[in-house]
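Contents: one structure, followed by commentary.
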Amino acid sequence: MVKKILLATFCMAMYATAWSQNAKFGAYTELTDPVKPSREAWDTVISGTHVVYGTTDVRYSKTLPPQERAQGWHAVAWKGEKVHTQILVYGTEPLKDLSVELGDLADEKGNKIPRTNIKAGFLRYVLTDGLNPDGSGCGHRPDHSKFDSSLVADGIDYSESIFVNANETQPIWLSVEVPANTAPGKYAGSLRIKYAERYYPEFINYTIEVLNRTLPNSKNWSFHLDLWQSPEAIARLYEVEPWSQAHFDAMRPYMKKLASAGQKVITAAIIHDPWNSQTLDIFGSTVKWTKKKNGTWQYDYTVFDKWVKFMMDCGVNKQINCYSMIPWNLKFYYYDEAMAKDTFIVAKPGTAEFNNHWRPMLQDFVKHLKVKGWFNITNISMDERKMEDMLAALQLIRSVSKDFKVSLAGTYHKELVNEMYDYSIGSAQVMPREEVDMRLKKGWPTTNYTCCSEGYPNTFTFSPPAEATWLPWYSAAKGYNGYLRWAYNNWVEQPLLDSRFRTWAAGDCYLVYPGVRTSIRFERLIEGIQDYEKIMVLKAAAKGDATKLKAIENMLAPFEISKLPTESAAVMLQKAKVTLNSL
């Protein structure tokens, strides 16, 4: 039964104060957990400060001593791979200036993984909620008190130090990026925990066994990652003019971070508000549509060109997806010179009004894309539209250019399998394997996606962290070559403090935080993509070896969504990774 948890007035006052102090996204104060902490839980903790290893499968409570612990950290990694764990600092006394001192890792021969490849960040806590009674995360949520709200660990803050109150747990995210030229072997090292100008008495030791296999650089990953970007959200929070130099400067570190995860697709809105204002920040058109006094059309691609070039400079350069010929409200905005104002029409695909509006634009857009050299990587993209509307739009697109690529994130339709260049279907659906294989032979991106519809597996701020890693494994099991999620940074009003939104389950809108902070969810997703790339490398190496290929097939067989209620993503992955590292 859902407990109604009402946030106290003082908590909401703190909410506003904490945010105002964080204008530049530096140090900030988390909200108070609406769930009252258990004093009794700390009565059994020995007085003083304690440091133990945890697991990346758990979001540890801030207000309780940790229960699930690990006996050290002994990781196995490929050359070029990033691995991570959690270290938990907790105790009965406040800790001023908690920090981590890192050192090199070394093997017996003197080879090293340098300190510069090792990072330690502090987990930060954000408000979350939960699923609907029907098990989904969709629908309007104007009254947050109808859902269990709590603080959960998600954002990762790479600040130099942090203050920890007495009777609190502070997780530390430790990650090691193994250089691609690292010699195989067992590397050992340690770190030290420091607070109040003194050291925790014990060294925190760990080892990494580097195997003689190399993970490709992320820019060469085959996994088709498509996380949609929101330039408007960054403009809002950084208080800069959209598409100004200051805006691009603010966006750059976020988009480079996205590129380093293997992102393939540039998200470009070519009409105003293609998603009917469903997000806090409306997607503005990167193309200015003007109807001249003589009835002809003029299209200004200045912003579109700047955005695409900017993203390519950041390292995202494989594909441009342009949204959308079929917006959710079927409204098409433009500037009318004769009326001297912005206006719009409402037009359904297949009608004369729709065709008359879109044909001249498509004709002009084709010419522009060819001049820029982008035509072959550009898609006219649609999101969860009816098949009858898709077919009507396709007919118009094909009449303008039979070579124009089209993409859809939506329901599986057999009739569209040979029409969509880039086709992503909901994770609850399955495209027949023979159709997946046929598409991949053509080099067509064929992926699955999650949104608010799927209670699990998913990447909400309350989702088990392992589910983010599980998703690319599921892609590998079903033959898909990637994953799509609609929101990389569609930030809510105050994303560092509260991941809840007026619609959808908490965290549905974003995977990274202001201040260029990563998250448990984003890091665990990258972990899964690395595993996918390992699987592809092993498959290629095993070509012609039926025994090895069968071993890979057997390893992937358990990855069925229907099995998650009885076997968690974490348990499934633990078993599979043992096999993966033995192949």
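If you count by mature numbering (1 follows the signal peptide of the UniProt record, and there is no 0), then the sequence shown holds residues -20 to -1, 1 to 563, one letter each, in order. We put the CB at the ideal spot given by N, CA and C, even for glycine.
Could you pull out every residue in the same chain whose Cβ sits closer than 6 Å to the Cβ of residue i, ignoring the five residues on either side in sequence?
{"i": "ASN2", "result": "Residue confidence for ASN2 is low, a pLDDT of 40 falling below 50, so the modelled location carries little weight and cannot support an answer."}
{"i": "THR270", "result": "GLN278 and TYR315"}
{"i": "ASN145", "result": "PRO74"}
{"i": "THR43", "result": "ASP13 and PRO17"}
{"i": "ASP478", "result": "LEU107"}
{"i": "GLU533", "result": "none"}
{"i": "LEU505", "result": "ALA448"}
{"i": "ALA556", "result": "MET535"}
{"i": "GLY6", "result": "none"}
{"i": "GLU414", "result": "none"}
{"i": "ASP402", "result": "ASN359, SER387 and PRO425"}
{"i": "GLU61", "result": "VAL158, LEU195 and GLN510"}
{"i": "GLN409", "result": "TYR392"}
{"i": "ASN192", "result": "PRO164"}
{"i": "SER240", "result": "SER198"}
Is the beta carbon of residue i less than 8 Å from the beta carbon of residue j?
{"i": "SER130", "j": "VAL38", "result": "no"}
{"i": "THR259", "j": "LYS59", "result": "no"}
{"i": "VAL106", "j": "LEU68", "result": "no"}
{"i": "VAL416", "j": "GLY459", "result": "yes"}
{"i": "SER41", "j": "THR149", "result": "yes"}
{"i": "TYR167", "j": "ILE98", "result": "no"}
{"i": "VAL56", "j": "PRO233", "result": "no"}
{"i": "ILE142", "j": "VAL80", "result": "no"}
{"i": "ASP77", "j": "TYR138", "result": "no"}
{"i": "ALA213", "j": "LYS273", "result": "no"}
{"i": "LYS199", "j": "GLY353", "result": "no"}
{"i": "SER562", "j": "ALA446", "result": "no"}
{"i": "ILE500", "j": "ASP134", "result": "yes"}
{"i": "TRP153", "j": "ALA226", "result": "no"}
{"i": "VAL25", "j": "THR65", "result": "no"}
{"i": "TYR304", "j": "PRO254", "result": "The identity of residue 304 in the sequence shown is Ser, whereas the question assumes Tyr. In this structure, PRO254 lies closer than 8 Å to SER304 by Cβ."}
{"i": "PHE228", "j": "PHE290", "result": "yes"}
{"i": "HIS337", "j": "TYR281", "result": "no"}
{"i": "PRO122", "j": "ARG482", "result": "yes"}
{"i": "PRO46", "j": "ALA21", "result": "no"}
What does residue i pair with, by DSSP beta-bridge criteria?
{"i": "GLN243", "result": "LEU205"}
{"i": "LYS99", "result": "SER155"}
{"i": "TRP269", "result": "TYR279"}
{"i": "HIS30", "result": "TYR70"}
{"i": "ILE184", "result": "LEU171"}
{"i": "ASN428", "result": "ILE405 and TYR463"}
{"i": "LEU529", "result": "In DSSP, LEU529 forms no bridge with anything."}
{"i": "GLN299", "result": "VAL245"}
{"i": "LYS311", "result": "VAL326"}
{"i": "LEU544", "result": "Answer by DSSP bridge pairing: none, since LEU544 is not bridged."}
{"i": "GLY165", "result": "VAL190"}
{"i": "VAL386", "result": "ILE360"}
{"i": "ARG178", "result": "TYR175"}
{"i": "LEU85", "result": "ILE93"}
{"i": "THR108", "result": "SER130"}
Apart from the five residues on each side of it in sequence, which residues of its chain come closer than 8 Å, Cβ to Cβ, to residue i?
{"i": "SER170", "result": "GLY83, PHE183, ILE184, ASN185 and TYR186"}
{"i": "SER407", "result": "ASN428, TYR429, THR430, GLU434, PRO437, LEU451, TYR454 and ILE541"}
{"i": "TRP287", "result": "PRO211, TRP223, ILE246, ALA248 and THR266"}
{"i": "ALA230", "result": "ILE214, ALA215, TYR218 and VAL220"}
{"i": "LYS237", "result": "VAL492, VAL496 and THR498"}
{"i": "GLU140", "result": "SER79"}
Take residue i and list the residues in its own chain whose beta-carbon comes closer than 7 Å to its own, dropping the five residues that flank it on each side.
{"i": "LEU310", "result": "VAL326, ALA327 and LYS328"}
{"i": "GLY462", "result": "PHE203, HIS204, LEU205, ASP206, PRO425, THR427 and SER455"}
{"i": "LYS514", "result": "TRP58, LEU195 and LEU560"}
{"i": "PRO475", "result": "TYR490, TYR493 and PRO494"}
**Report entry** Length-filtered (3 minimum) beta strand (DSSP E) runs lying within the region 333 to 366
**Finding:** 358 to 363
Query raised in the report: Are the region 490 to 503 and the region 464 to 481 in contact at 8 Å, needing three or more beta carbon pairs?
Result: yes
Query raised in the report: At a cut of 8 Å, does the region 240 to 247 reach the region 295 to 310 through at least three beta carbon pairs?
Result: yes
Report task. May I ask you to verify whether the region 180 to 190 touches the region 107 to 117, counting CB pairs closer than 8 Å and requiring at least 3? Result -> no
Requested in this report: Count the C-beta pairs between the region 415 to 423 and the region 513 to 528 that are closer than 8 Å, then say yes if the count reaches three, no if not.
Outcome: no
Requested in this report: Would you list, in sequence order, the uninterrupted alpha helix (DSSP H) runs of no fewer than 4 residues that lie entirely inside the region 468 to 524?
Outcome: 500 to 521
Requested in this report: Would you mind listing the beta strand (DSSP E) stretches within the region 50 to 79 that are 3+ residues and don't spill past its ends, in chain order?
Outcome: 54 to 59 and 62 to 71
**Report entry** Runs of beta strand (DSSP E) wholly within the region 115 to 149 (minimum 3 residues, chain order)
**Finding:** 130 to 137 and 142 to 144
Report task. State whether the region 363 to 370 contacts the region 381 to 397, with contact taken as three or more CB pairs (one from each stretch) at a distance under 8 Å. Result -> yes
Requested in this report: Answer yes if the region 476 to 487 comes into contact with the region 437 to 448, meaning at least three C-beta pairs across the two stretches below 8 Å, and no otherwise.
Outcome: yes
Query raised in the report: Which ranges would you report for the alpha helix (DSSP H) in the region 190 to 234 if only whole runs of at least 4 residues count?
Result: 211 to 218
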